[in-house]
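Student:
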Amino acid sequence: MRVFLACPIDMDIFETEALAQHLLKALGNADDVEVITSKYDFEENFSRAGGWSAWIDRVVKGKNYQTHKDLFQAYVSPQPVIGRATYQILNGALEKKKPVIMYRDGNLTKVTGIDTIDGEDWKNGWVLTFD
83 MRVFLACPID MDIFETEALA QHLLKALGNA DDVEVITSKY DFEENFSRAG GWSAWIDRVV
143 KGKNYQTHKD LFQAYVSPQP VIGRATYQIL NGALEKKKPV IMYRDGNLTK VTGIDTIDGE
203 DWKNGWVLTF D
C-alpha cells in the first residue's frame with residue numbers, strides 16, 4: 083500500500099521525513115506499506131505533470147502503468163487545518179472513496195469531510211472534519 087503524506091509546503095524536510103517514519107511505525111511497519119511525502123512527490127513529478135492541476139490530478143487519480151493500481155491507496159494529513167492544494171488532493175481522495183486520515187500526536191483519525199474556513203486563504207483555508 084502506498085500512502086501519500088500531505089505535509090505543508092513550508093514544513094522542514096527533516097520534520098517531514100521524521101513524520102513519515104513515525105507514520106510508517108503507526109501503520110505497523112509492514113513491508114507492503116510505503117509512505118511517500120508530498121514534498122518528495124512534488125519534487126519528483128510536478129514538472130513532468132505540467133502544473134498544479136495536473137499534479138494534483140496525478141496524485142488523486144494516477145495509476146501505476148505496470149500494475150494498473152492507483153498510485154496511492156490512502157492519504158494522510160498531519161494537521162487539521164490545510165491549504166488549497168492539500169484540500170484539492172484530500173477532497174479528491176474522499177470523492178473517490180479512498181481513505182483519508184489525520185495523523186497527529188501518534189493517533190490515526192479517519193477524516194469524513196472537509197469544511198471551508200476561507201476559500202481565499204490558500205495556506206489555511208480548509209479544516210478536516212471527523213465523525
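Counting in our numbering, the sequence shown runs from 83 upward without gaps.
For glycine and all other residues, C-beta sits at the position ideal for the given N, C-alpha and C.
Please state if the CB of V163 and the CB of F86 are separated by a distance shorter than 8 Å.
Tutor: Cβ atoms of F86 and V163: not closer than 8 Å.
Student: What are the start and end residues of each continuous beta strand (DSSP E) run of 3 or more residues lying completely inside the segment 109–175, in chain order?
Tutor: Runs found: 116–119, 156–159.
Student: Give the single residue among W134, L176, R166, G165 whose Cα lies nearest to the Cα of F154.
Tutor: Taking only the C-alpha atoms, the option nearest F154 is L176.
Student: Could you tell me the distance, in whole angstroms, from the CA atom of Y185 to the CA atom of I91?
Tutor: So the alpha carbons of these two residues sit roughly 17 Å apart.
Student: How long is the line joining the alpha carbons of A136 and A167, rounded to whole angstroms?
Tutor: Roughly 11 Å separates the two Cα atoms.
Student: Would you check if the segment 97–117 and the segment 196–208 touch, i.e. whether three or more CB-CB distances between them fall below 8 Å?
Tutor: With the cut-off at 8 Å, the segment 196–208 and the segment 97–117 do not touch.
Student: In the DSSP assignment, find the beta strand (DSSP E) that holds I199 and state where it starts and stops.
Tutor: That residue, I199, is in no beta strand (DSSP E); it is neither H nor E in DSSP.
Student: Straight-line CA distance for Y169 to R130?
Tutor: Using only the alpha carbons, I get a separation of about 22 Å.
Student: Taking K192 as the reference, which of D213, Y147, N146, G174 has the closest Cα?
Tutor: Considering only alpha carbons, the answer is D213.
Student: Here's the rule: buried if 16 or more other CB atoms are within 10 angstroms of the residue's CB, otherwise exposed. What is D123?
Tutor: Result: buried.
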